[in-house]
Amino acid sequence: MVKVRHQPLFNRRYLLILIWILPIVILILHRSGETARPLDQLGWQSETGYRLPANEAGYQLTLILPLTSALSDEGWVLDQTIEHALRTHLDGSTVQNWLARQEWHAVLHRSSSYLALRMQMQARPTAAQQQQLLSLLAQPPRLDWPTLKRRLQAERYLQSQSAEDRLLAAFGEQREPSLDLTTAYSRLWLPPPRWTLVGDMGTTGQTTSPPKAARDDRSSWQSGKLLIADTGSSRLDTRWQLIAQPISAPTDGRELAQQRLGAELVAQLLPRTQTANADYRWLWRPLLSGGYRGLLLHGTDDPGTLGEQLARQLDQPLLDATRDGLLQQLTRIEAEAPGQWLDLVALYRLPLDSHKAFRDTLNALDLAQARQLLRDTLPPAQSLHIRFDTAGH
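Structure, rendered in structure tokens:
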């Protein structure tokens, strides 16, 4: 009887090959089914600015105009004047007629760190149209500048009589340059402008590298202690004090993640370092120029090394919860409002892949590194400690 030798369906060599090939095939199939994430499609072109493809009908063109800190009385007046002058221009017949001819609809929005002039249109805007609009807006509008300044100065006086406002104004005077009103308005239009465009990009050419962010000049900053005059008003609570320091604008996703996480951790940890009935305010404003962070305290002694106190209170559960919250915010923005991230990229001139660096930095940051972020918060050698001179010195 002839014996039949059964051959296995796969020999050992075939099985070894399958072990190596199958994971690669699975990965390829998985990636082929993924849709491109919106923020991965960010682009930039020198003619039109930052771009974000979208499937919606029409286009949204936005001009991002950075704000300054506006803490001092003069800085606040300049800030309000710029916005008032811009709104006057937009409401004027010259700009309105030009917008009507282009079939554009424009609305000015204000956020905590920039003004956004958002324009809706059906046809893709051209570089020539963008330049024409800039030329119109860059001309100072016809205003009674002296009368406007006096009105705003009076408004500021009525709104800034609290001790907290006086302390912040004293800090702002150390940071904000002195400018006349028309010069401040003209500086708003210095090139290169920050444009963003959302819509169907079609074949608009290859994305090029956007301009790099410039470091904020802090060479004139003076830390230490400062006594300011007590106005003698019975309504002024001179038990308030301010500890503050300037912060540079982030230049990439890594710095943005570190600053954002540090600010959130401080807000979470302050209740652990202050007494139950303590009155305080944590301040953090990451502006393109003149950004700052600070702590307003009421009726307490010198907190000394605040950052070290905060670092000792940080534990892994709080770090994980805060990190997860920021990652969830990024995921939500990417899914529901990618234009918000586009605004940040344009404002700070961040690299186009900053969202990846932001996520990677948060995921990789450990407890020791997070504690170091806190130690760098308001160190005495780099901060200005401001109090009221209640002794009459």
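First residue of the sequence shown? That's 23 in our numbering, and the numbers climb one at a time after it. Note that CB positions come from ideal geometry on N, CA and C, so glycine has one too.
- When C-alpha distances from GLU330 are compared across ALA359, ARG315, PRO402 and VAL99, the shortest belongs to PRO402.
- Rounded to the nearest angstrom, the gap between the Cα atoms of LYS171 and ASP411 is 30 Å.
- Between the beta-carbon of LEU309 and that of LEU85 there is about 18 Å, and that puts the pair past the 8 Å contact cut.
- Runs of the alpha helix (DSSP H) spanning 4 or more residues and lying entirely within the segment 333-377 occur at 338-358 and 360-370, in chain order.
- Annotation: GLN394 is outside any beta strand (DSSP E); the continuous alpha helix (DSSP H) that includes it extends over 389-397.
- THR70 places its beta carbon less than 8 Å from that of GLN152.
- The alpha-carbon separation between LEU74 and LEU258 amounts to approximately 50 Å.
- In terms of Cβ geometry, LEU287 and ALA392 form a close pair [threshold 8 Å].
- Secondary structure at TRP306: strand, using DSSP grouped into helix, strand and coil.
- For PRO373, the CB contacts under 6 Å within the same chain, skipping 5 residues up- and downstream, are ASP274 in chain order.
- Taken through DSSP and simplified to helix, strand or coil, PRO268 comes out as strand.
- A straight-line Cα-Cα distance of about 33 Å links THR383 and LEU212.
- Of the other Cβ atoms in all chains shown, 16 or more fall within 10 Å of the Cβ of THR344; this residue is therefore buried.
- According to the DSSP assignment, ALA251 belongs to the beta strand (DSSP E) that extends over 246-251.
- Of all C-beta pairs linking the segment 344-362 to the segment 298-318, fewer than three are shorter than 8 Å, placing the two stretches out of contact.
- In this structure, PRO232 lies near TRP66, with their beta-carbon atoms less than 8 Å apart.
- ASP202 is classed as exposed because its beta carbon has fewer than 16 other beta carbons within 10 Å across all chains shown.
- In this structure, LEU340 lies near GLN290, with their beta-carbon atoms less than 8 Å apart.
- Check the Cα spacing between LEU139 and each of GLN82, SER91, ALA379 and ILE355: the tightest is with GLN82.
- If you draw a 10 Å sphere on the C-beta of GLU177, you find fewer than 16 other C-beta atoms in it, and that means exposed.
- THR110 carries a helical assignment under DSSP once its states are collapsed to helix, strand and coil.
- If you draw a straight line from the Cα of ILE104 to the Cα of SER115, it comes to about 19 Å.
- With contact defined as three or more Cβ pairs closer than 8 Å, the segment 359-370 and the segment 212-221 are in contact.
- Residue pairing by DSSP places THR218 opposite TYR72 and THR84 in a beta bridge.
- At the C-beta level, GLN338 and LEU396 stay beyond 8 Å of one another.
- Annotated as proximal: LEU318 and LEU189, with beta-carbon spacing under 8 Å.
- Under the three-state reduction of DSSP output, ALA379 falls in the helix class.
- For PRO199, same chain residues with a beta-carbon under 6 Å away, outside a window of 5 residues either side, do not exist.
- Nearest in C-alpha terms to GLU195, of all of GLY97, HIS407 and HIS111, is GLY97.
- From the listed residues LEU180, ALA266 and ALA357, the smallest Cα separation to LEU248 is found for ALA266.
- Per DSSP, LEU406 lies in no alpha helix (DSSP H) segment; the continuous beta strand (DSSP E) that holds it begins and ends at 406-411.
- ARG315 sits in a strand when the DSSP states are folded into three classes.
- Separation of the CB atoms of TYR136 and LEU61 is rounded to 19 Å, and the pair is thereby denied contact status at 8 Å.
- If you look at GLY275, you'll find it in the alpha helix (DSSP H) that goes 275-295.
- Annotation for ALA285: TRP306 place their beta carbon closer than 6 Å to its own, counting only its chain and skipping 5 residues before and after.
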